[in-house]
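Participant:
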Amino acid sequence: MSPHDKFGAIRRELQQTFLERADLIDGALAALLSSQHVLIIGPPGTAKSMLADALCRRITGGTYFQWLLTKFTTPEELFGAVSLKALEADDYRRVTDHKLPEAQIAFLDEVFKASSSILNAVLSIINERLFHNGRDIMAVPLLSLFGASNELPEDDELLALYDRFLLRFVVNYISEDFRFLKMLQATPPAQSTTISLDELRQMQDEVRAIRVPDAVLSVLADIRRELGKKNIIASDRRYRQSLSLLQALAYLYGRTEVSESDLFFLEHVLWKEPSEQGEVHAVIQSLIHGYEDTVQELLFQTRELRDYAEREWDDEEQHARAVIEAHTKIRRILTQVEEISQQAQQGGRPLEKVVAIRQEIEGIQQQLLEKI
């Protein structure tokens, strides 16, 4: 089984276990492929920790570090005990074996609960991939860190750490009854597919080769502009990092280039407050499929004109005038559809739906012509 196939198996197994978490699972896998970090926010009992831990343990051959943070957490718990031998040489350094500075994959539960000094060190690790250890600054091998929290951070001093999680997911309790019953009856998958760290690095190399078309970049710029109008501002760094995430998603879905549909995943990237997520989705929806929605509305107008022309009239003269009026307006509608089609084609957008609607409108026009 190829590494990509193994990743697909892991995805299916996690989806069977964790219901209503499809986007979170895909996002977590894409984060591993692109060396990004994931924050999961939700109330207790929503399987945040279980899902993150279940995924992280699927990566073998590296160091996996996990810890539950509290206000009593000490630096020794995360970064290692102070080396007594180094102290003799007046060097305050830590023995980092099997601790966060030597982990490739990490999971921190209640990630915002620790002291400021600890969280500042965590920030340096996830942002710069560096750990200040005594007189030395050591590069850390961290690929991805997963954080979980019951609530959003409120203190301003936590915002820098919060911002370094490219992907942010808000999870709630299972909403659908049939899925809730399925969860109650679920049994663990018979097989737990794993993938080695070397295989993960191989896939990361392949992800970097995924093409990002100019049309996708153009839509991304449009998204940034439209969100700015709504005062939803993300940093240039966040937009730049989102490209590697989009490449990872395309790879995960078995494609060789990013498509516009991948941009919908940015609803988990571009918000700061959960209340903004719906607006982000609406902007992306409008920019990617807005032209299709417009053409669909023109089709509805055409059908209304046809129904108006074909209703019962008092005499044939009124009927003929109604048919001519409807035909004239439908001709204008077809002109609008053609303009939208040309703009969509220039932007590299899919035209299947537009073509199908145009053909239906032309068919209605032809029916009316035969009655003139």
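Going by this note's numbering, the first residue of the sequence shown is number -1, and it counts up by one from there. Heads up, the beta-carbon is just placed ideally off N, CA and C, and yes, glycines get one too.
In three-state DSSP terms, what is R253?
Facilitator: Within the sequence shown, numbered from 1, the residue matching residue 253 stands at position 255. DSSP places R253 in coil when its eight states are reduced to three.
Participant: Which runs of the alpha helix (DSSP H) fall wholly inside the segment 103 to 177 and span at least 4 residues, in chain order?
Facilitator: Correct list: 114 to 126, 157 to 161.
Participant: If I measure Cβ to Cβ from S233 and keep anything under 8 Å in the same chain, skipping five residues before and after, which residues do I get?
Facilitator: Indexing the sequence shown from 1 puts residue 233 at position 235. So the qualifying residues of the chain are D161.
Participant: What's the gap between the Cα of K270 and the Cα of Y289?
Facilitator: By one-based count along the sequence shown, residue 270 stands at place 272. By one-based count along the sequence shown, residue 289 stands at place 291. Each residue's alpha carbon lies about 28 Å from the other.
Participant: Among T300, R319, D313, which has the Cα closest to the Cα of V335?
Facilitator: To locate residue 335, count along the sequence shown from 1; it is residue 337. Of the candidates T300, R319, D313, the one whose C-alpha sits nearest the C-alpha of V335 is T300.
Participant: Evaluate V353 with the Cβ neighbour count: other Cβ atoms within 10 Å of its Cβ, from every protein chain shown; 16 or more gives buried, anything less gives exposed.
Facilitator: Sequence index remark: in the sequence shown, residue 353 carries index 355 (1-based). Flag for V353 reads exposed.
Participant: Do Q102 and G145 have their CB atoms nearer than 9 Å?
Facilitator: Indexing the sequence shown from 1 puts residue 102 at position 104. Indexing the sequence shown from 1 puts residue 145 at position 147. Not in contact: Q102 and G145 (Cβ atoms no closer than 9 Å).
Participant: In the DSSP assignment, find the beta strand (DSSP E) that holds Y62 and state where it starts and stops.
Facilitator: Position 64 of the sequence shown, counted from the first residue, corresponds to residue 62. Looking at the DSSP string, the run of the beta strand (DSSP E) that includes Y62 is 62 to 66.
Participant: Less than 9 Å separating the beta-carbons of V210 and L244?
Facilitator: As a working mapping, residue 210 is identified with position 212 in the sequence shown. As a working mapping, residue 244 is identified with position 246 in the sequence shown. For V210 and L244, yes; Cβs fall inside 9 Å.
Participant: If I follow the unbroken beta strand (DSSP E) through V37, where does it start and stop?
Facilitator: Residue mapping note: residue 37 aligns to position 39 of the sequence shown, counting from 1. Sequence check: residue 37 is Leu here, not Val. Segment 36 to 39, the beta strand (DSSP E) holding L37.
Participant: Quick one: residues in its chain with C-beta nearer than 7 Å to the C-beta of L17, no 5 flanking neighbours on either side, listed in chain order?
Facilitator: Taking the sequence shown and counting its residues from 1, one reaches residue 17 at position 19. Taken in chain order, the residues that qualify are I172, R177, K180, M181.
Participant: Determine the closest residue to Q316 out of P348, K369, E350, with distance taken between C-alpha atoms.
Facilitator: Translated into positions along the sequence shown, residue 316 becomes position 318. Cα-wise, what sits closest to Q316 is K369.
Participant: Between D175, R304, M136, R356, which has its C-alpha nearest Q294's C-alpha?
Facilitator: On the sequence shown, position 296 is the one that residue 294 refers to. Ranking the options by Cα distance to Q294, first place goes to R356.
Participant: In or out: P99 buried (at least 16 other Cβ within 10 Å) or exposed?
Facilitator: Sequence index remark: in the sequence shown, residue 99 carries index 101 (1-based). Burial call: buried.
Participant: Is S194 helix, strand or coil when you go by DSSP?
Facilitator: If you number the sequence shown from 1, residue 194 lands on position 196. It is a strand residue.
Participant: For T15, write down the residues that DSSP places opposite it in a beta bridge.
Facilitator: Counting from 1 along the sequence shown, the entry for residue 15 is found at position 17. Partner(s): none; T15 has no beta bridge.
Participant: Using the Cα positions of G6 and M(-1), report the straight-line distance between them to the nearest angstrom.
Facilitator: In the sequence shown, the residue the question calls residue 6 occupies position 8. In the sequence shown, the residue the question calls residue -1 occupies position 1. Roughly 10 Å between the two C-alpha positions.
Participant: Less than 9 Å separating the beta-carbons of L156 and F110?
Facilitator: As a working mapping, residue 156 is identified with position 158 in the sequence shown. As a working mapping, residue 110 is identified with position 112 in the sequence shown. Contact flag set, yes.
Participant: Report the three-state DSSP secondary structure of I208 (helix, strand or coil).
Facilitator: Numbered from its first residue, the sequence shown carries residue 208 at position 210. It is coil, neither helix nor strand.
Participant: Identify every run of the alpha helix (DSSP H) within the segment 244 to 308, keeping only runs that are complete inside it and at least 4 residues long; order them along the chain.
Facilitator: Counting whole runs of 4 or more residues, the segment 244 to 308 contains the alpha helix (DSSP H) stretches 275 to 308.
Participant: Take the Cβ of T15 as the centre, count every other Cβ of all protein chains shown within 10 Å, and call the residue buried at 16 or more, exposed below.
Facilitator: On the sequence shown, position 17 is the one that residue 15 refers to. Burial call: buried.
Participant: From T326 to Q34, what distance separates their C-alpha atoms?
Facilitator: Reading the sequence shown from its first residue, position 328 is the one you call residue 326. Reading the sequence shown from its first residue, position 36 is the one you call residue 34. Straight-line Cα distance between these residues: approximately 55 Å.
Participant: Compute the Euclidean distance between the alpha carbons of L143 and A104, then round it to the nearest angstrom.
Facilitator: Here the question's residue 143 lines up with position 145 in the sequence shown. Here the question's residue 104 lines up with position 106 in the sequence shown. If I take the Cα positions, the gap works out to 5 Å.
Participant: If T68 sits next to V169, beta carbons under 8 Å apart, how far is it from one beta carbon to the other, in whole angstroms?
Facilitator: Counting from one through the sequence shown, the residue named residue 68 turns up at place 70. Counting from one through the sequence shown, the residue named residue 169 turns up at place 171. Going by Cβ atoms, the distance from T68 to V169 rounds to 21 Å, so no, they are not a contact pair.
Participant: D24 and L250: beta carbons closer than 9 Å?
Facilitator: Position 26 of the sequence shown, counting from 1, holds the residue named residue 24. Position 252 of the sequence shown, counting from 1, holds the residue named residue 250. Against a cut-off of 9 Å, the Cβ pair of L250 and D24 comes out as a contact.
Participant: Quick check: R302 and I282, are their CB atoms within less than 9 Å of each other?
Facilitator: In the sequence shown, counting from the first residue as 1, residue 302 sits at position 304. In the sequence shown, counting from the first residue as 1, residue 282 sits at position 284. The displayed chain sequence assigns Glu, not Arg, to residue 302. Taking 9 Å as the Cβ cut-off, E302 and I282 do not qualify as a contacting pair.
Participant: Any idea what DSSP makes of V353, helix, strand or coil?
Facilitator: Position 355 of the sequence shown holds residue 353. Note: V353 maps to helix in three-state DSSP.
Participant: Just confirm the distance between the C-beta atoms of A119 and F77, as a whole number of angstroms; I'd bet it's less than 8 Å.
Facilitator: Stepping through the sequence shown from its first residue, residue 119 is reached at position 121. Stepping through the sequence shown from its first residue, residue 77 is reached at position 79. At roughly 7 Å, the Cβ-Cβ gap stays under 8 Å, so A119 and F77 are in contact.
Participant: Looking at C-alpha atoms only, which residue of S257, V267, I230, R253 is the closest neighbour of R238?
Facilitator: As a position in the sequence shown, residue 238 is number 240, starting the count at 1. Nearest option by C-alpha distance: V267.
Participant: Which value, in whole angstroms, describes the spacing of the CA atoms of L159 and F129?
Facilitator: As a working mapping, residue 159 is identified with position 161 in the sequence shown. As a working mapping, residue 129 is identified with position 131 in the sequence shown. About 15 Å.
Participant: Hey, A318 and L366 are a contact pair by Cβ (cut 8 Å); roughly how many whole angstroms apart?
Facilitator: As a working mapping, residue 318 is identified with position 320 in the sequence shown. As a working mapping, residue 366 is identified with position 368 in the sequence shown. No, A318 and L366 are not in contact; Cβ-Cβ is about 11 Å, not under 8 Å.
Participant: Go through its chain and collect everything with a Cβ distance to A20's Cβ below 7 Å, but skip five positions before and after it.
Facilitator: Taking the sequence shown and counting its residues from 1, one reaches residue 20 at position 22. So the list reads Q13, once near-sequence residues are dropped.
Participant: Please name the residue in Q343, Q341, L332 whose C-alpha comes closest to that of G361.
Facilitator: For the purposes of this step, residue 361 is identified with residue 363 of the sequence shown, where counting begins at 1. For G361, the nearest C-alpha among the options comes from L332.
Participant: Just the C-alpha distance for L261 and L218, rounded to the nearest angstrom, thanks.
Facilitator: For this step, residue 261 is matched to residue 263 along the sequence shown. For this step, residue 218 is matched to residue 220 along the sequence shown. Looking at the two C-alpha atoms, the distance is approximately 8 Å.
Participant: In the DSSP assignment, what residue or residues form a beta bridge with T58?
Facilitator: For the purposes of this step, residue 58 is identified with residue 60 of the sequence shown, where counting begins at 1. The partner list for T58 (beta bridge, DSSP) reads S194.
Participant: Going straight from the alpha carbon of S422 to that of R253, what length do you get?
Facilitator: In the structure displayed, the chain extends from -1 to 370; residue 422 sits before or after that span and is not available.
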